[in-house]
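A.B. asks:
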Amino acid sequence: MCSNRIRILHADLSLASALEGALPEFAGGRSVDDYLARFRGPHLCLVALVDEVPAAFKLGYALSADTFYSWLGGVLPPFRSQGLAQQLLAAQEQWVKAQGYRALEVKSSDRFPAMLGLLAKNHYQALGRENNQVRFRKTLIA
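So for the sequence shown, the UniProt record's numbering puts the first residue at 1; every next one is plus one.
1) From Val106 to Ser70, what does the alpha carbon distance come to, in whole angstroms?
2) Thinking C-alpha only, which one of Arg129, Leu119, Gly128 and Arg5 is nearest Asp51?
3) Please name the residue or residues paired with Gly100 in a DSSP beta bridge.
4) Roughly how many whole angstroms lie between the Cα atoms of Arg80 and Leu104?
5) Could you give the residue range of the alpha helix (DSSP H) that holds Tyr124?
6) Could you compute how far the alpha carbon of Val75 sits from the alpha carbon of Pro24?
7) Ignore the nearest five residues each way along the sequence and tell me which others in Arg137's own chain have a CB closer than 6 Å to its CB.
8) If you draw a straight line from the C-alpha of Phe39 to the C-alpha of Arg135, how long is it?
9) Considering Ser17, what are the terminal residues of the beta strand (DSSP E) in which it resides?
10) Express the C-alpha separation of Gly83 and Ile8 in angstroms, rounding to a whole number.
11) To the nearest angstrom, report how far apart Met1 and His10 are at their CA atoms.
Below, the structure is given as structure tokens:
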């Protein structure tokens with residue numbers, strides 16, 4: 001889950017909000033209150049630190065008793081191409097399995113080709129398009 005330089009940890013939503021606000025792909029980011037309004041139940045906030053510097057985040061929440069939704073994440077530009085998104089995805093999958101969820105769902109769009117490639121590499125199956133996004137699903141527990 002971590003290397004000498006990289007640590008993945010459960011973090012406060014305020015850190016995810018600050019990281020989201022620093023991403024050029026997202027206009028301004030959301031507040032913690034925005035996040036809490038979106039979550040319907042259990043949620044997960046992971047942050048990747050590189051040499052103890054916050055570099056990336058991943059947020060998700062329960063869609064149902066058996067399905068978890070990987071909602072939002074990103075890696076700050078100076079830290080890209082270091083495998084942070086892969087490590088966050090692996091940590092999220094591990095946590096989701098440990099909580100007893102059977103599937104993980106995520107949406108992404110063509111404007112994020114690196115994310116589409118990451119999902120394909122990790123055996124997520126495309127379910128179809130919704131509002132200019134592709135919905136993916138991975139069964140975690142048979």
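We put the beta carbon where it would ideally sit given N, CA and C, even for glycine. These numbers come from a predicted model, not from an experiment.
C.D. replies: If we stick to the structure as given:
1) Translated into the one-based positions of the sequence shown, residue 106 becomes position 106. Translated into the one-based positions of the sequence shown, residue 70 becomes position 70. About 5 Å.
2) Walking along the sequence shown from the start, residue 51 turns up at place 51. Distances from the alpha-carbon of Asp51 to those of Arg129, Leu119, Gly128 and Arg5 put Arg5 closest.
3) In the sequence shown, residue 100 corresponds to position 100, counting from 1. Paired residue(s): none; Gly100 is not in a bridge.
4) Taking the first residue of the sequence shown as 1, we reach residue 80 at position 80. Taking the first residue of the sequence shown as 1, we reach residue 104 at position 104. Their Cα atoms are separated by approximately 24 Å.
5) Against the sequence shown, residue 124 aligns to sequence position 124. In the DSSP assignment, Tyr124 falls outside any alpha helix (DSSP H), carrying neither H nor E.
6) For the purposes of this step, residue 75 is identified with residue 75 of the sequence shown, where counting begins at 1. For the purposes of this step, residue 24 is identified with residue 24 of the sequence shown, where counting begins at 1. The alpha-carbon atoms of Val75 and Pro24 are separated by roughly 10 Å.
7) Within the sequence shown, the letter at position 137 stands for residue 137. So the qualifying residues of the chain are Ala103, Glu105, Gln125 and Leu127.
8) Stepping through the sequence shown from its first residue, residue 39 is reached at position 39. Stepping through the sequence shown from its first residue, residue 135 is reached at position 135. So the two alpha carbons sit approximately 18 Å from each other.
9) For the purposes of this step, residue 17 is taken as residue 17 along the sequence shown, with counting starting at 1. No beta strand (DSSP E) contains Ser17, which is instead part of the alpha helix (DSSP H) from Leu13 to Gly21.
10) As a position in the sequence shown, residue 8 is number 8, starting the count at 1. As a position in the sequence shown, residue 83 is number 83, starting the count at 1. One C-alpha to the other measures close to 12 Å.
11) One-based indexing of the sequence shown puts residue 1 at position 1. One-based indexing of the sequence shown puts residue 10 at position 10. Only weak support exists for where Met1 lies, its pLDDT of 49 falling under 50; the value from the coordinates is given anyway. Counting only the Cα atoms, His10 lies some 12 Å from Met1.
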